[in-house]
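Visitor: Mind looking over this structure? Questions follow.
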Amino acid sequence: MWFICDGCGIACAIVTWFLVLYAEFVVLFVVLIPSRNGIINGIVFNLLAFLALASHCRAMLTDPGTVPKGNATQEFIKSLQLKPGKVLCKCPKCYRIKPDRAHHCSVRKRCVPKMGHHCPWINNCVGKNNQKYFVLLTMYIALISLHTLVMVEFHFLHCFEEDWTKCSPVPPTTVILLILLCFETLLFLIFSSVMFETQVHSICTDDMGIEQLNN
Numbered sequence: 003m004w005f006i007c008d009g010c011g012i013a014c015a016i017v018t019w020f021l022v023l024y025a026e027f028v029v030l031f032v033v034l035i036p037s038r039n040g041i042i043n044g045i046v047f048n049l050l051a052f053l054a055l056a057s058h059c060r061a062m063l064t065d066p067g068t069v070p071k072g073n074a075t076q077e078f079i080k081s082l083q084l085k086p087g088k089v090l091c092k093c094p095k096c097y098r099i100k101p102d103r104a105h106h107c108s109v110r111k112r113c114v115p116k117m118g119h120h121c122p123w124i125n126n127c128v129g130k131n132n133q134k135y136f137v138l139l140t141m142y143i144a145l146i147s148l149h150t151l152v153m154v155e156f157h158f159l160h161c162f163e164e165d166w167t168k169c170s171p172v173p174p175t176t177v178i179l180l181i182l183l184c185f186e187t188l189l190f191l192i193f194s195s196v197m198f199e200t201q202v203h204s205i206c207t208d209d210m211g212i213e214q215l216n217n
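Start counting the sequence shown at 3; every next residue gets the next number (this note's numbering).
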């Protein structure tokens with residue numbers, strides 16, 4: 003199993019799970035359970051949450067395609083399918099043969115072909131082998147954030163029209179939880195939407211994030 007032992011990355015991954023589970027708690031116990039018509043919303047929300055966390059695990063635990071150690075072998079050189087006269091490059095940092103479009107990750111201290119960037123939120127590099135999981139993660143997070151904002155908005159409208167005590171036995175606490183959830187989901191929606199658009203653009207143009215910066 004692939005896993006990077008980086009303190010900052012592990013902390014960010016834990017925070018990601020905590021925020022998703024916090025949203026799960028608030029939506030379930032504050033919005034859905036008091037509502038009589040929350041079954042469909044509950045199914046959609048929990049399905050998106052499961053898919054988001056599953057994609058996060060796959061993106062975090064999948065080798066992005068790092069260049070193997072001791073790769074200066076005839077078999078590896080043949081696998082590169084170099085054109086006649088093509089010069090082999092050696093990474094000055096990890097001392098491995100560097101394939102075309104490979105970039106050195108300063109966190110993992112390995113070269114990764116078609117590396118987009120190192121994402122601390124998945125504690126891993128985004129490369130050719132796990133980019134699809136990262137794209138799915140950003141898509142599911144954007145969808146669940148949008149769905150949550152819509153549910154919370156309708157919940158607020160319902161509670162303002164009716165007696166708030168009918169929505170929750172502890173109104174001040176639920177208001178604070180819902181406001182925090184709105185801030186969280188709004189930030190998640192903006193961030194994940196931008197990342198999703200960036201990743202889709204890089205796939206369509208076959209131009210990774212680091213390559214775009216270099217150009």
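Positions of the beta carbon are idealized from the N, C-alpha and C atoms, including for glycine. None of these values were measured; they are calculated from a predicted model.
Given this structure, state the Cα-to-Cα distance separating V29 from I143, to the nearest angstrom.
Guide: Their backbone Cα atoms lie some 15 Å apart in a straight line.
Visitor: Below 7 Å CB to CB, which residues in the same chain sit around M62 once its five sequence neighbours on both sides are set aside?
Guide: A15, I124, N125, N126
Visitor: For N126, which of helix, strand or coil comes out of DSSP?
Guide: strand
Visitor: Are the beta-carbon atoms of K134 and K116 separated by less than 7 Å?
Guide: no
Visitor: In angstroms with no decimal places, state the Cα-to-Cα distance between L148 and S57.
Guide: 18 Å
Visitor: Taking just the CA atoms, how far does G118 sit from K92?
Guide: Going by the C-alpha atoms only, they are around 20 Å apart.
Visitor: What residue range does the beta strand (DSSP E) around C113 cover?
Guide: 112-115
Visitor: Going straight from the alpha carbon of S37 to that of H160, what length do you get?
Guide: 10 Å
Visitor: Indicate the three-state DSSP secondary structure (helix, strand or coil) for V100 in the structure shown.
Guide: First, the amino acid is wrong: residue 100 is Lys here, not Val. Here K100 sits in strand by DSSP.
Visitor: Applying the 10 Å Cβ sphere with the 16-neighbour rule, what's the burial state of C178?
Guide: Note on identity: in this sequence residue 178 is Ile, with Cys being the wrong assignment. I178 should be labelled exposed.
Visitor: Can you check DSSP and say which residues form a bridge with C107?
Guide: R112
Visitor: For C10, report the span of its alpha helix (DSSP H) as first-last.
Guide: 9-28
Visitor: In whole angstroms, what is the alpha-carbon distance linking F190 and P174?
Guide: 24 Å
Visitor: Between D65 and the rest of its own chain, which residues show a CB-CB distance below 7 Å, the 5 nearest in sequence each way excluded?
Guide: Counting only Cβ-Cβ distances below 7 Å, and skipping sequence neighbours, we find W4, N131.
Visitor: Mapping the DSSP letters down to three states, classify C184 as helix, strand or coil.
Guide: helix
Visitor: Using the beta-carbon count (16 or more within 10 Å), is I146 buried or exposed?
Guide: Flag for I146 reads buried.
Visitor: Please determine, among C107, F136, G44, the residue with the shortest C-alpha to C-alpha distance to I205.
Guide: F136
Visitor: On the three-state DSSP scale, how would you describe C121?
Guide: strand
Visitor: What is the rounded straight-line gap between the Cα of C59 and the Cα of L53?
Guide: When rounded, the distance between both Cα atoms is 10 Å.
Visitor: Can you say whether S108 is buried or exposed, counting buried as having 16 or more other CB atoms within 10 angstroms of its CB?
Guide: exposed
Visitor: Starting from E163 and walking both ways along the alpha helix (DSSP H), at which residues does that stretch end?
Guide: Its alpha helix (DSSP H) spans residues 133-163.
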